[in-house]
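Worksheet: the structure to be examined is printed underneath.
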Amino acid sequence: MKTLNDFNFANKKALIRVDFNVPLNEKFEVTDDTRIVSAKPTIIKILEDGGSCILMSHLGRPKGVQDEFSLRHIAKKVEDILGVEVIFVDECVGPKAEAASASLKPGQILLLENLRFHKEEEAGDKAFSEQLSKLGDIYVNDAFGTAHRAHASTTIVAEFFPKSKCFGYLLAQEIESIEKVMKTGEKPVLAVLGGAKVSSKITIIENILDKVDHLIIGGGMSFTFVKAQGGTIGNSICEDDKMELALDILKQAKAKNVQVHIPVDVIAADKFSNDANTQIVDIDKIPNGWEGVDAGPKSIAIFHDIVMKSKTILWNGPLGVFEMESFAKGTIALGNSIAESTKNGAFSLVGGGDSVAAVKQFGFEDKVSYVSTGGGAMLESLEGIVLPGIAAILE
Ligand code: AMP
């Protein structure tokens, strides 16, 4: 796996695919700069080598050229975070972009205009990719969030740098973290899968059964498993058409010696609302008119023990409706357990969608080993798919 450390960037122009798709408010101010901060180590390494950086990214989903999606809005923010002047050019290909790149001196940074102002970007157009490739000597991909897309700047452009392409630090770290769970992690390996639906996690579950010793299935997903096994789940969320699949998963798990843990008790609510009346009930005896919205105390204790004895932990999806304060306890408790286990030496990776939001919201970010930045890319990796953006560098 080639990374930045395999190259000396002195007097080289690095064409870097970053993920600066950051949220902006109505005044076009960056409201969450995590992605820019995450790209800093890669950019600084190149500058310190004596190279220059040409940064390319998309922002939002523009339809053609739309000023509200211009990367010029974030240039100042990038400059503040990096502590280096950022030159902005309002094109990403063509004579203007090429001239801006040609006049770039070692130690300087050029920010290109939104790649998605050209439809060729998402189409993975070869000629457009070739135009991009003219801007740099070495191609660096540091955008995990788009690595599952075969777009021009994330994948196709790499073809034009057969010997001079590599992963940036952020993308390399993402790949290593996923490998630690899927390939090289110390046993016992635990995956906690939560969230709303079985259907959105099926491929992940099937792929992960070969890699883990323990599997916790929590959140809304668990009720399909409970009902399939003959339990009564009241009004809890359930995918009836996935019940057979649920039973099949349990069978596969048994054959593969994976211990599956489903909550034994739940917080049941009489309506889907933060101020609902609640009671603690066995998960397979939820009364009519009530729905399971969070893991119960017995489940939390059982999950704590499993988390504490695991050496490698993957967490994807909340254990309850954590957006409502009254139903966030199970998710918070799990976060605490994972934080404690991590302190004791376990490797923990949180990734994919809402668990990242939960981890940030409840302040666990610095207490787990790694929080993945790529939602869809992370999910596809867990499904066992080799992401095109990663394959393009490895080729
Ligand atoms: P996902 O994006 O698949 O990880 O699902 C996350 C969503 O699942 C969150 O919005 C949670 O509110 C929701 N969720 C978790 N547990 C439950 C539950 N018991 N009933 C309904 N929704 C749930």
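Residue 1299 is where the sequence shown starts when you use the numbering used here, and the numbers rise one by one after that. Cβ atoms here follow ideal geometry from the backbone N, Cα and C, with glycine treated the same way. The structure displayed is predicted, hence computed values, not measured ones.
query = If Ala1494 sits next to Gly1518, beta carbons under 8 Å apart, how far is it from one beta carbon to the other, in whole angstroms?
reply = Ala1494 to Gly1518, Cβ: 4 Å. Contact.
ask   = How is Gly1590 classed by DSSP in three states: helix, strand or coil?
value = Here Gly1590 sits in strand by DSSP.
request  = Assign Lys1361 to one of two classes, buried (16 or more other C-beta atoms within 10 Å of its C-beta) or exposed (fewer than that).
outcome  = By the Cβ-count criterion, Lys1361 is exposed, with fewer than 16 other Cβ atoms from all chains shown falling within 10 Å of its own Cβ.
task = May I have the straight-line CA-CA distance separating Ala1470 from Asp1440, to the nearest angstrom?
result = If you draw a straight line from the Cα of Ala1470 to the Cα of Asp1440, it comes to about 8 Å.
inquiry  = With a threshold of 7 Å (Cβ to nearest heavy atom), would Ala1631 be considered close to ligand 1?
reply    = False, no ligand heavy atom lies under 7 Å from that Cβ.
task = For His1559, write down the residues that DSSP places opposite it in a beta bridge.
result = Bridge partners of His1559: Ile1514.
message = Between Gln1557, Ala1566, Phe1521, Ile1454, which has its C-alpha nearest Ala1284's C-alpha?
response = This structure gives no information on residue 1284, because the portion of the chain shown stretches from 1299 to 1693.
query = Where do the ends of the beta strand (DSSP E) carrying Leu1410 lie?
reply = Run containing Leu1410: 1407-1410, per the beta strand (DSSP E) assignment.
ask   = On the premise that Asp1317 lies in contact with Thr1444, defined as a C-beta separation below 8 Å, what is that separation, rounded to the nearest angstrom?
value = Going by Cβ atoms, the distance from Thr1444 to Asp1317 rounds to 6 Å, so yes, they are a contact pair.
message = Taking the straight line between their C-alpha atoms, what separation do you get for Lys1609 and Leu1302?
response = In a straight line, the C-alpha of Lys1609 is about 30 Å away from that of Leu1302.
Residue interval of the beta strand (DSSP E) (run including Asn1634) = Asn1634 -> not in any beta strand (DSSP E); alpha helix (DSSP H) instead, spanning 1627-1641.
CA-to-CA distance, Lys1485 to Lys1658, given in whole angstroms = One C-alpha to the other measures close to 27 Å.
ask   = Okay, do the stretch 1452-1466 and the stretch 1580-1599 touch, 3+ Cβ pairs below 8 Å being the bar?
value = Output reads no: the stretch 1580-1599 does not touch the stretch 1452-1466.
Between the CA atoms of Thr1340 and Tyr1467 - distance to the nearest angstrom = If you take the alpha carbons of Tyr1467 and Thr1340, they lie about 6 Å apart.
Every unbroken alpha helix (DSSP H) inside the stretch 1404-1446 [4 residues or more] = Runs of the alpha helix (DSSP H) spanning 4 or more residues and lying entirely within the stretch 1404-1446 occur at 1417-1421, 1424-1431, in chain order.
ask   = What three-state label does DSSP hand Lys1583 in the structure shown?
value = Strand, per DSSP.
ask   = Does DSSP classify Met1622 as helix, strand or coil?
value = Assigned with DSSP and collapsed to three states, Met1622 falls in coil, not helix or strand.
Cβ-Cβ distance between Trp1613 and Val1558 below 8 Å = No.
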